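Protein sequence lines, in the order shown, are assigned to chains A and B.
Taking numbering that gives the first Met the number 0, the leading residue of the first sequence gets 0, the next gets one more, and so forth.
Taking numbering that gives the first Met the number 0, the leading residue of the second sequence gets 0, the next gets one more, and so forth.
The beta-carbon is built from N, C-alpha and C at its ideal position, and this holds for glycine as well.
These figures come from a predicted structure and were not determined experimentally.
Read the structure below first, then the notes.
Protein chains: 2
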Amino acid sequence: MGVDFVESRNKRLFAKKLDFKRGSVDLTHGAGGRASAQLFEELFKPAFSNPLLDAGDDQARFEGQGRMVVATDSHVVSPIIFPGGDIGALSIHGTVNDVAMAGAVPRYITAGFILEEGFALSTLQQIVESMAAAAKEAGVQIIAGDTKVVERGKGDGVFINTTGVGFIPETLETPPAATRAKPGDKILVSGSIGDHGITILSERESLPLMAPLTSDTAALHGLVADLIAAVPDVHVLRDPTRGGLATAINEICRSSNCGAELDETAIPIKRTVDAACELLGVDPLYLANEGKLIAIVSADQADAALEALKAHPLGTEAAIIGTITDDLNGFVQMVTPLGGRRMVDWLTGDPLPRIC
Amino acid sequence: MGVDFVESRNKRLFAKKLDFKRGSVDLTHGAGGRASAQLFEELFKPAFSNPLLDAGDDQARFEGQGRMVVATDSHVVSPIIFPGGDIGALSIHGTVNDVAMAGAVPRYITAGFILEEGFALSTLQQIVESMAAAAKEAGVQIIAGDTKVVERGKGDGVFINTTGVGFIPETLETPPAATRAKPGDKILVSGSIGDHGITILSERESLPLMAPLTSDTAALHGLVADLIAAVPDVHVLRDPTRGGLATAINEICRSSNCGAELDETAIPIKRTVDAACELLGVDPLYLANEGKLIAIVSADQADAALEALKAHPLGTEAAIIGTITDDLNGFVQMVTPLGGRRMVDWLTGDPLPRIC
């Protein structure tokens, strides 16, 4: 190996640029050598660029302060691109929202990619750019990452783990928690339910629909900030993702050792979503949402909370949908339009694998 | 649905216990409903139990302080169980080490599991228990997690993302960084190289070996703490995982804008590893290590650093293996036993997919 050859290789660390039009992921991109470095330099670094990431260490440093929050989610949604979003945006929104539901301001994200050999670089680029845009909008920086590649047939295109770090503002005295629901509290939802779940399901089933369905995937940090500014003592915040509204309410009741009574007529559902649910035989109460939150507040704060939610673009269809009860069995009951009652159970089984 | 039936179901949230002997993962375990909750309650929670995790929220809270560090890694090693460890222990060690290489004390871990439908619950349990043991030994708490399940043939048993958070001690004035190598600095390695990579490769090739090979997977936080106690101004710390010693040194030279000269006779390699490398035609310089570190210190601190490493059980075979040079081309050169020189390039291609 002549020195001239080595020299020219080192000055231009990568012999030629990645081909984002026709290229695909191969095993060398996950091997930790030259090809891995190139993927970082030509794709991840320009898309996510910030001083903490650009430092290029195997870890990122930041300043800690007060009460912090961390949340993690792996994203395996199929299809990876869907009406209203893609796995990239979803991977930011999902984790930003989990952090925000603690009353925290999301700040930093780490991203771990598991790519399948043969995955198109053009699709990867599209997803990475979507992540970057979602992160920018959510005010978070992607400060550390990792890429692994598995052999063809051992993965499914792309899986993305994101872990988020946020800070609870000093002004927030008692942050929301799943244990803080109290009998008499009002239950609010920030908008129509089932949009994300039914969109994914319709895509898979290639459903011929009258009206288009769109995922609600969105970052809820701003909605949470506005809500807490209006009602500082929000008892519980939760985003009803997998398992839907029904499971989230059941989880809260279990954590808080209480029951709940929901008013079926008050729960906002889009007509198109309702129609698609009928067609597919699924219950919107169990469908995932990726841009909605449940807020539980004391009865005297319910109107103020509703007003704050409705004033935000992501909460215009917010509604008060029920009341926390002192049922020690933890039952969630639904009052039907005809005045009857039925039990609302946890999700059992799985109507929708890989929804997020 | 009679109230009696619902009541009995709610009192015992799960009709029967998970069968860890004969059971397997199915899609309901990733659906976010009752089966997901059961997997958490009967496997993850008892194994990882700590107050922050047990709170059962979608995120975990902790107190921030001073200079903090975050690192993330997805683990896709194949086979998932190998001599000396498994994907569970590896997923803790890998991330603990990335945090420790910033001079930080690792404290918290999040864990994201991507399971393949049909994966044996007995194997999952074994891996989770191995993670728990590794976390305990490393002094870190697993405080948040997530489980997704993909259909048969869309994953490969189990992938684990871990993200770690640590704190840089106040007493550490200038933490190590990849940019801080200076000409004249000495390069140390904490022990023999190539052990992990060759072990994984031999397992895959079912190599008939004279002597057993064992992965070196280990948490290096204690070794780092002892080193920094003896030599507070360590310039660079890095664990040479994917890409091996050769790539890690090249990365450091690129970040610090310098070169390096390594002494081939000084680099510790086990005889068994050397023999297996010959047999398989691979170069130990490019093989992954999971329990070794590279330390770069000023020349006058090299002996003190070596002594500190050797005094720790994980550093008994530590050695000074080279010197940082002022080569602005960033060349890494190897002085051979006969006094010749050769270039040590980055890893190109991929001798070993899915090594970690």
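Query: Short of 7 Å in beta carbon distance, which residues of its chain neighbour Gln58/B, apart from the five on each side in sequence? Order them along the chain.; Result: Ala143
Query: Leaving out five residues on either side along the sequence, give the residues of the same chain with a beta carbon under 7 Å from the beta carbon of Ala275/B.; Result: Ile197, Ser201, Leu206, Leu208 and Leu212
Query: Helix, strand or coil for Thr122/B, going by three-state DSSP, please let me know.; Result: helix
Query: Asp262/B and Ile320/B: beta carbons closer than 8 Å?; Result: yes
Query: Thinking C-beta only, is Ala88/B closer than 8 Å to Thr216/B?; Result: yes
Query: Identify the contact partners of Ile142/A in chain B, using a Cβ-Cβ distance below 9 Å as the criterion.; Result: Val69
Query: Could you give the C-beta distance for Thr27/A and Gly348/B, rounded to a whole number, given that I count them as a contact under 8 Å?; Result: 6 Å
Query: Work out the CA separation of Leu219/B and Gly1/B for me, nearest whole Å.; Result: Unreliable positioning characterises Gly1/B in this predicted model, as indicated by a pLDDT of 37, which lies under 50. The coordinate reading is nonetheless provided below. Rounded to the nearest angstrom, the two C-alpha atoms are 57 Å apart.
Query: Nearest CA to the CA of Asp194/A: which residue from Arg179/A, Ala134/A, Arg241/A and Asp299/A?; Result: Arg241/A
Query: Is His195/B helix, strand or coil by DSSP?; Result: helix
Query: Leu346/B and Arg33/A look like a contact to me (Cβ under 8 Å); what is the Cβ gap, rounded to whole Å?; Result: 6 Å
Query: Which residues in the same chain have their Cβ closer than 7 Å to the Cβ of Val84/A, if we skip the five residues on either side of it in sequence?; Result: The question names Val, but residue 84/A in the sequence shown is Gly. Cβ neighbours of Gly84/A beyond the five flanking positions: Ser214 and Thr216.
Query: Could you tell me the boundaries of the alpha helix (DSSP H) in which Val98/B lies?; Result: Ile86 to Ala99
Query: Check for me: the beta strand (DSSP E) holding Thr213/A runs from which residue to which?; Result: Neither: Thr213/A is in no beta strand (DSSP E) and is coded neither H nor E.
Query: With 9 Å as the C-beta to C-beta threshold (strictly closer), list the residues of the region 23 to 37 of chain B near chain A in chain order.; Result: Asp25, Leu26, Thr27, His28, Gly29, Ala30, Gly31, Gly32, Arg33, Ala34, Ser35 and Ala36
Query: Using beta-carbon positions only, say whether Ala294/A and Leu244/A come within less than 8 Å of one another.; Result: no
Query: Consider the Cβ of Asn160/B: report whether some Cβ of chain A lies at a distance smaller than 8 Å.; Result: yes
Query: Check this for me: beta carbons of Val223/B and Gly102/B, under 8 Å apart or not?; Result: yes
Query: Could you have a look at Pro105/A and say whether DSSP puts it in helix, strand or coil?; Result: strand
Query: I'd like to know if Thr347/B contacts chain A, where contact means its C-beta is closer than 8 Å to some C-beta of that chain.; Result: yes
Query: Take the Cβ of Asp18/A as the centre, count every other Cβ of all protein chains shown within 10 Å, and call the residue buried at 16 or more, exposed below.; Result: exposed
Query: Could you say which of Ala177/B, Gly156/B and Val233/B lies nearest to Gly56/A if we only look at CA atoms?; Result: Checking the sequence, you will find Asp at residue 56/A rather than Gly. It is Ala177/B whose Cα lies nearest to the Cα of Asp56/A.
Query: Can you check which of these residues, Gly152/A, Glu128/A and Tyr107/A, is closest to Leu114/A by C-alpha distance?; Result: Gly152/A
Query: Comparing C-alpha positions only, which one of Leu327/B, Asp326/B, Val343/B and Pro267/B sits nearest to Val334/B?; Result: Val343/B
Query: So which of Ala310/B, Val104/B and Gly22/B has the shortest CA-CA distance to Ile167/B?; Result: Val104/B
Query: Please compile the residues from chain B whose C-beta is within a distance smaller than 8 Å of the C-beta of Gly242/A.; Result: Ala30, Gly31, Gly32 and Ser35
Query: For Glu62/A, go through chain B and note every residue whose CB falls closer than 9 Å to its CB, in chain order.; Result: Gly63, Gly65, Arg66 and Met67
Query: Use the C-beta contact count for Ala228/A: other C-beta atoms within 10 angstroms, 16 or more gives buried, fewer gives exposed.; Result: exposed
Query: What residue range does the alpha helix (DSSP H) around Thr246/B cover?; Result: Gly243 to Ser255
Query: For a quick check, are the C-beta atoms of Ile199/A and Thr161/A less than 8 Å apart?; Result: no
Query: Are any of the Cβ atoms in chain B nearer than 8 Å to that of Ala269/A?; Result: In the sequence under discussion, the amino acid at residue 269/A is Lys, which differs from the Ala named in the question. Output row for Lys269/A: interface = no.
Query: Is the separation between the beta-carbon of Glu357/B and that of Arg66/A shorter than 8 Å?; Result: A query on residue 357/B cannot be resolved here, the shown segment of chain B reaching from 0 to 355 and no further.
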